[in-house]
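Heads up: the protein sequence lines correspond to chains A and B, in order.
Be aware that the first sequence starts at 997, since it is given in the working numbering, and climbs by one per residue.
Be aware that the second sequence starts at 731, since it is given in the working numbering, and climbs by one per residue.
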Amino acid sequence: MDEILDPSDWTGTRLPTLSLLDSSLRCRICKDFFTSPFMTECAHTFCSLCIRKCIASTPTSETACCPVCRAPVLEIRLRRNQVVEDLVEWFENARAAIMSVAKEDPVVVEVPVASTTPERASSSERIGRKRRRDNMDKETSSSMTPESGNSETRRPTRAASRNVSYEVKLDIGDESEEEAATSDHCNNQDVLSSVTAEQGSSFVILDNDDGNPEGLVPCPVCNVVMTPQEVQIHLDDCFKEQAAKEARANQSLISKSNAPLRTLQSQSLHTITKKPLQRLPKLQYDLFNDTKLRSKLAELGLPTNGTRTQLQQRHTEWVSLWNANVDSNNPKTKKQLLRNLNDWESNLAKYAVQKVSADDLAAWGKTHSNNFGDLIFQARKNLQNKSHPEQQQGIYSTSKSNMQNQQLPENPGPEKVRTIDGIYQKSSSAAEEKMEYVRDVLTEEL
Amino acid sequence: MPGYTKRLGRELSDLKTNPAVVMDDNPLYAGKTFRLQFRFTPTYPIEAPEVQFIASLGRGIPMHPHIYSNGHICLDVLGSGWSPIQTVGSVSMSIQSMLAGNDRNGFPQRTERPPDDARYIASAPISPKQTRFVYHDDNV
């Protein structure tokens, strides 16, 4: 038996308040941490399987209600609660570590806690901030590349601004060298340069617009300054080259630095090709006769033996299991689900066997008839020996449940009921009533 | 381990740490001890447990207009009013408060069993859950 983790684990540790966090991250139906939590319209959250089973257990969908507030609940209105799912995941991961810290000897840790925590916090904060900045840098640099690849309209202007600044400073007319310079800019995605370029772009362009001497025009693609006639000829080639260059740059960037991007893409591709699991609809069992229901179960790959109620129960359970599995982030295989269904059914069957044998009153009476005879014998003795009421009382209390459950159903005649009613009115104290009742039953029996 | 055993294990440890006890100031039951029997189905907690009083040596069945003399309890949370968030502790609390709320102490003829007690126990099923109780009197 694996260990049962409970919110009460936190009591007696240094962090007893965490038991509140612990218990609020648990489903109130199964008392376990949420597995694929779903929220009702009344904003209560349960495990997907728990709430689905709960709804399925009600006779009609209209009578289904929230276990907490009894507001009506519709299964199709359930919504995933992603934040809670993440919270549970992180808390579960950290729980053992926090627990071990919380269980440390308070005397030893008490003193440093007061003095070092602020320092520690600040240093960790500093680290956090630094890390955050690093991340930001990375993000900007990585986000730059796809953007520059995708947005055809913005990219040229940005590149233009850079180019122009280059141009204006160097004032070199040679095209091939220009190309080299631009490509250099493209590949060397320096954050600083991009930032300064962005900041200064408007000025540079303005400079450029104002300061183009002798009616020269910049190429709209590569921004090389030339005469309008030259631009006409140059433009076609420039477009082609630009496209090829961008493609090259993108490729190299993806293969070099953008590993996360690639996994993301492949993941999305994977999910697309894998075809998402579909939720199963509920059935209106009244519309299906036995053979139809059996074929429906066979369609789903479920066993088709058993009575009609068993078939219905099996289908309902399977729909709940299946749909909860669809909601799960780590869905089980169908084989595992079938095993779960089988476990559930064998548990139910065990219980049913016990229940039937207990309910079968006549059979129970037969098997216990010897005990019954003993009881009558003892009671008869007690009747003769009326001077010891304590003894009678004792016998009554041990045999009482047998008497009521067995003797009465055997002669449920109207006379008897009347006599018992009579006794009820006559007797005032409970003990007397019980004794008289026994006596009455016994005299009738004898 | 099926879900319901895990949940029951948790409930048991919870009961051990915080026993569900209501202050018993009702003189009818003060100082007395009663025994409750809980029977759980594999569908617990989606379905309610079977709960009844058990008479044994020194343990009687409390006199109450909603408790039959065979120990069956007419209480809505054990039947139609069940909700899966309820626990053994919360059910015990409900029953205790039901007993504590019995204010018919001054009228001996009314401190007794439900009006249909004799008829009910004559044909009562073993499991109280198979009975469809009619809740006669909401005042007690």
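Built from N, CA and C at the ideal position, the CB exists for glycine as well.
Model, not experiment: these values are computed from the prediction.
Candidates the options, of which the one nearest residue i by Cα
i        : options                                   : result
H802(B)  : P814(B), G819(B) and Q767(B)              : Q767(B)
A1092(A) : N1319(A), K1292(A), D1005(A) and C1215(A) : D1005(A)
E777(B)  : G739(B), M823(B), P749(B) and V807(B)     : V807(B)
C1046(A) : C1038(A), N1343(A) and F1030(A)           : F1030(A)
E1058(A) : C1050(A), K1049(A), P1068(A) and V1064(A) : P1068(A)
S853(B)  : I825(B), N800(B) and Q816(B)              : N800(B)
L1273(A) : S1096(A), D1282(A), D1232(A) and S1324(A) : S1324(A)
F770(B)  : I825(B), R789(B), K736(B) and I851(B)     : K736(B)
N1321(A) : N1089(A), M1095(A) and K1049(A)           : K1049(A)
K1027(A) : G739(B), D847(B) and C804(B)              : G739(B)
N1077(A) : L1231(A), I1229(A), Q1380(A) and S1044(A) : S1044(A)
G809(B)  : S857(B), P757(B) and L745(B)              : S857(B)
D847(B)  : I784(B), F863(B) and S824(B)              : F863(B)
C1038(A) : T1007(A), P1063(A), L1017(A) and S1096(A) : P1063(A)
M1095(A) : L1014(A), V1079(A) and E1081(A)           : L1014(A)
P772(B)  : S1365(A), A1375(A), A1348(A) and I1372(A) : A1348(A)
I1017(A) : D1082(A), S1365(A), V1079(A) and F1087(A) : The question names Ile, but residue 1017(A) in the sequence shown is Leu. The shortest Cα separation from L1017(A) among D1082(A), S1365(A), V1079(A) and F1087(A) belongs to F1087(A).
Simplified DSSP assignment, three categories, for residue i
i        : result
Q1228(A) : helix
F1029(A) : strand
H796(B)  : coil
I791(B)  : coil
R1024(A) : coil
H989(A)  : The question about residue 989(A) has no answer, for chain A in this structure spans 997 to 1442.
F1373(A) : helix
T1041(A) : strand
I815(B)  : coil
C1062(A) : coil
F768(B)  : strand
P845(B)  : coil
E777(B)  : coil
V1079(A) : helix
F783(B)  : strand
F1034(A) : strand
P1068(A) : strand
G1169(A) : The predicted model places G1169(A) with a pLDDT of 45, which falls under 50 and marks its position as unreliable, so this point remains unresolved.
V1322(A) : helix
V1221(A) : strand
P855(B)  : coil
V1213(A) : strand
I956(B)  : This structure cannot settle anything about residue 956(B), because the visible part of chain B is limited to 731 through 870.
Contact belief for residue i with residue j at Cβ below 8 Å, rounded distance in angstroms
i        : j        : result
L1337(A) : W1314(A) : 6 Å
A1098(A) : R1022(A) : A1098(A) to R1022(A), Cβ: 18 Å. No contact.
L829(B)  : P795(B)  : Their Cβ separation, rounded to whole angstroms, is 11 Å, which puts L829(B) and P795(B) out of contact at 8 Å.
L945(A)  : L1283(A) : The first residue shown for chain A is 997 and the last is 1442, placing residue 945(A) beyond what the model contains.
C1065(A) : H1040(A) : 7 Å
Same chain only: Cβ atoms within 6 Å of residue i, ignoring 5 sequence neighbours per side
i        : result
R1075(A) : M1035
E741(B)  : T817 and V818
A1117(A) : Residue placement at A1117(A) cannot be trusted, given a pLDDT of 43 that sits under 50; what the coordinates show is reported in the next sentence. Within the same chain, A1117(A) has no close Cβ partners at all.
V1084(A) : L1021, F1029 and F1030
I1000(A) : none
V1221(A) : L1212 and P1214
N748(B)  : none
Q1238(A) : V1217
Residue i vs residue j beta-carbon contact at 8 Å
i        : j        : result
P814(B)  : I1072(A) : no
P1055(A) : F1042(A) : no
N1219(A) : R1275(A) : no
Y734(B)  : P775(B)  : yes
A1052(A) : S1316(A) : yes
Y759(B)  : Y798(B)  : no
T1303(A) : L1293(A) : no
I784(B)  : L805(B)  : no
R765(B)  : S743(B)  : no
Neighbourhood of residue i by C-beta, 8 Å cutoff - its chain only, sequence neighbours within 5 removed
i        : result
K1453(A) : Outside the displayed range of chain A (997 to 1442) lies residue 1453(A), so it cannot be described from this structure.
S1019(A) : P1003
F1235(A) : V1217
A1345(A) : none
Own chain residues within Cβ distance below 7 Å of residue i, not counting five before or after
i       : result
T763(B) : R789
P855(B) : T861
Any non-hydrogen atom of the ligand MG closer than 7 Å to residue i Cβ
i        : result
M1035(A) : With respect to the ligand MG, the structure offers nothing, as it holds no ligand at all.
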